[in-house]
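For reference, the structure discussed in these notes is given below.
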Amino acid sequence: MKKLAVVIGLLVLLPQVAFAQDPLVVNAKTLRLKFENARVRVLEATLKPGEKENLHSHPGYLFYVIDGGTMRNHTADGKVSESEFKAGDVIYRDPLTHWAENIGTTTIHLILVELKEK
Numbered sequence: 024m025k026k027l028a029v030v031i032g033l034l035v036l037l038p039q040v041a042f043a044q045d046p047l048v049v050n051a052k053t054l055r056l057k058f059e060n061a062r063v064r065v066l067e068a069t070l071k072p073g074e075k076e077n078l079h080s081h082p083g084y085l086f087y088v089i090d091g092g093t094m095r096n097h098t099a100d101g102k103v104s105e106s107e108f109k110a111g112d113v114i115y116r117d118p119l120t121h122w123a124e125n126i127g128t129t130t131i132h133l134i135l136v137e138l139k140e141k
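Okay, here's the thing in structure tokens:
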């Protein structure tokens, strides 16, 4: 009976996990789609102090910092890092599954450009 409950639980959760990786789906409160074509997807992110994202994935991407602040980043493999972003910074990241939180006192405002394969 316990095995059946575990299997049912997995069947319920797996579709959510598989489809929950798109940042626009799982972080609809903090992200907006600005532009998309066959080559790129451009997102606008706003994280208020104390706000946390849900786990999501990006292909290779870069982001431009409009308004900076202090962010704590949690990767899927359990690594945690903190970064201070300043207005005007441009940062590139390889493909990544993570969630982030604003641990500072200012609202962080970013433009993300996700790169699609040719």
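Each step along the sequence shown adds one to the number in the working numbering, with nothing skipped, and position 79 is 102. We put the CB at the ideal spot given by N, CA and C, even for glycine. Since we're looking at a predicted model, the values are computed, not measured.
Bridge-paired residues (DSSP) for residue i
i: residue 100; result: The partner list for residue 100 (beta bridge, DSSP) is empty, contrary to what the question assumes.
i: residue 105; result: 95
i: residue 120; result: 80
Beta-carbon separation (whole angstroms), residue i vs residue j, contact threshold 8 Å
i: residue 89; j: residue 61; result: Incorrect: roughly 26 Å between the Cβ atoms, too far for contact.
i: residue 53; j: residue 74; result: 7 Å
i: residue 136; j: residue 85; result: 5 Å
i: residue 49; j: residue 79; result: 5 Å
i: residue 126; j: residue 95; result: 5 Å
Residue burial classification, residue i (beta-carbon count within 10 angstroms, cutoff 16)
i: residue 46; result: buried
i: residue 131; result: buried
i: residue 108; result: buried
i: residue 123; result: buried
Any non-hydrogen atom of the ligand ATP closer than 8 Å to residue i Cβ
i: residue 51; result: Absence of the ligand ATP is noted for the structure shown, with no ligands found whatsoever.
Checklist entry - Any chance the stretch 51-67 sits against the stretch 94-103, with 3 or more Cβ pairs inside 8 Å? => result no
Checklist entry - What runs of the beta strand (DSSP E), each 3 residues or longer, lie entirely inside the stretch 38-97? => result 54-59, 63-70, 79-81 and 84-90
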